[in-house]
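Each residue of the sequence shown is one higher than the last, beginning at 189 in my numbering.
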Amino acid sequence: MSAQKSAFIAIVGRPNVGKSSIMNRILGQKIAIVSSKPQTTRNRILGVHTSGDTQLVFIDTPGLHKPHNSLGEYMVRSVKESVGGVDACLLVAECDRLPGDTEKLLIERFKAQHIPAVLALNKIDRLPDKSALMEKLAAYSAEYDFDDIVPVSAQTGSGINDLVKALESKAEEGMHFFDDDALTDQPDRVLAGEIVREKILRLTDKEIPHGAAVVVERFKQREGSDITDVDATIYCERDSHKGILIGKGGTMLKKIGTYARQDMERFFGCKINLRLWIKVKEGWRDRTDILRSLGYDPANFD
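Shown next, in the form of structure tokens:
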């Protein structure tokens with residue numbers, strides 16, 4: 189019997205390049221929420237992939253961006269702290285773009301901390317002329333000596349197996365940190381809250397998505413039943429936002445709840461009785477006391 193191996197991998201990059209989508213594709217299950225809107229991921233989310241004797245523990249970080257409020261500062265600090273104390277980094281970039289300021293900043297951190305890194309050039313399904321990849325490969329190779337550069341599509345799954353093999357080569361001999369059938373370290377109520385937030389991101393526009401947070405107050409299976417009761421509160425910043433989230437005759441809130449319940453039932457494998465409430469907390473993204481109460485790590489606000 190061969191020895192167990194494991195590696196902690198931080199997934200980093202600009203917002204909306206497909207970091208969460210790649211992790212979800214590797215895991216074969218949606219752990220991190222996905223949206224076309226940038227800065228979807230707010231916390232560092234651990235995903236676990238175990239194949240045979242090798243376990244990869246992924247830290248899916250928020251996209252690195254210029255912060256505009258305390259929540260944004262928290263997200264940026266979360267990224268910077270993730271690029272350290274890991275066995276390797278997975279830099280995700282779009283295959284049709286040359287390295288920009290964000291990629292170069294992250295690469296400088298790789299250099300400073302002597303971190304092995306793999307580059308995933310994502311969204312190759314959108315590239316009609318694959319020969320255009322050569323320019324991007326050369327540009328990134330000039331910036332850093334990546335251990336591997338793998339063109340992938342999180343949408344279709346192309347290249348994902350090659351990417352997993354490249355990352356598994358970073359694993360070193362040592363015990364597995366999670367059970368072999370584990371997919372994440374996130375508790376059920378956190379995952380349920382993220383599912384609700386994803387529906388808000390997908391169904392609403394402009395300033396509302398990033399001004400909303402979700403806290404699951406109750407996640408409990410009924411005794412002697414396959415029904416799980418989930419009570420969640422959506423916090424928004426203004427009364428006008430609350431009205432939009434409720435919608436005319438409650439239509440928007442009903443739609444958010446219906447889509448979220450369907451996703452929860454697929455993920456948790458049981459019937460879900462979901463109840464949603466909306467409360468206004470003005471300026472919550474700039475108030476560290478509220479951010480702490482909503483579950484964001486206080487260490488990242490010091």
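Built from N, CA and C at the ideal position, the CB exists for glycine as well.
Just checking my contact of residue i with residue j at CB under 8 Å: how many whole Å lie between their CB atoms?
i: Val404; j: Arg377; result: 4 Å
i: Leu462; j: Val418; result: 5 Å
i: Leu244; j: Ala195; result: 6 Å
i: Gly399; j: Glu425; result: 4 Å
i: Cys277; j: Lys311; result: Going by Cβ atoms, the distance from Cys277 to Lys311 rounds to 19 Å, so no, they are not a contact pair.
i: Lys387; j: Ile444; result: 5 Å
i: Glu331; j: Lys292; result: 7 Å
Along the chain, where does the alpha helix (DSSP H) containing residue i start, and where does it finish?
i: Thr242; result: Note, Thr242: premise wrong, no alpha helix (DSSP H); beta strand (DSSP E) at 242-248.
i: Gln409; result: From DSSP, Gln409 is part of no alpha helix (DSSP H) but of the beta strand (DSSP E) over 401-409.
i: Ser428; result: 427-434
i: Asp289; result: 289-301
i: Val378; result: 376-391
i: Ile208; result: Residue identity differs from the one stated: residue 208 is Ser in this sequence, not Ile. 207-215 is the span of the alpha helix (DSSP H), which, as asked, contains Ser208.
i: Arg454; result: 439-456
Could you give the first and the last residue of the continuous beta strand (DSSP E) run that contains residue i?
i: Leu278; result: 276-282
i: Ile219; result: Here Ile219 belongs to no beta strand (DSSP E), and DSSP marks it neither H nor E.
i: Ile422; result: 415-424
i: Ser319; result: Careful: Ser319 lies outside any beta strand (DSSP E) and carries neither H nor E.
i: Lys311; result: Here Lys311 belongs to no beta strand (DSSP E), and DSSP marks it neither H nor E.
i: Lys469; result: Unbroken run through Lys469: none, as it is neither H nor E.
Using only alpha-carbon positions, find the residue among the options that is nearest to residue i.
i: Thr290; options: Ala300, Asp284, Leu279, His237; result: Leu279
i: Ile466; options: Leu351, Met440, Met211, Lys311; result: Met440
i: Val306; options: Ile199, Ala342, Thr242; result: Ile199
i: Glu453; options: Ile214, Ala401, Arg213, Lys218; result: Lys218
i: Ile210; options: His302, Ile415, Asn349; result: Asn349
i: Val352; options: Glu296, Asp313, Pro304, Leu215; result: Leu215
i: Glu360; options: Asp241, Asp284, Gly471; result: Asp241
i: Val468; options: Ser428, Gln450, Tyr328; result: Ser428
i: Asp275; options: Phe407, Ser413, Ala354; result: Ala354
i: Phe334; options: His237, Asp369, Leu294, Phe455; result: Leu294
i: Ala420; options: Ala401, Ala191, Asp414, Gly438; result: Ala401
Please confirm whether residue i and residue j have their CB atoms less than 9 Å apart.
i: Arg390; j: Tyr447; result: yes
i: Val205; j: Ala281; result: yes
> Which runs of the beta strand (DSSP E), 3 residues or longer, sit entirely within the region 330-373?
Replying inline: Complete beta strand (DSSP E) runs here, min 3: 336-339.
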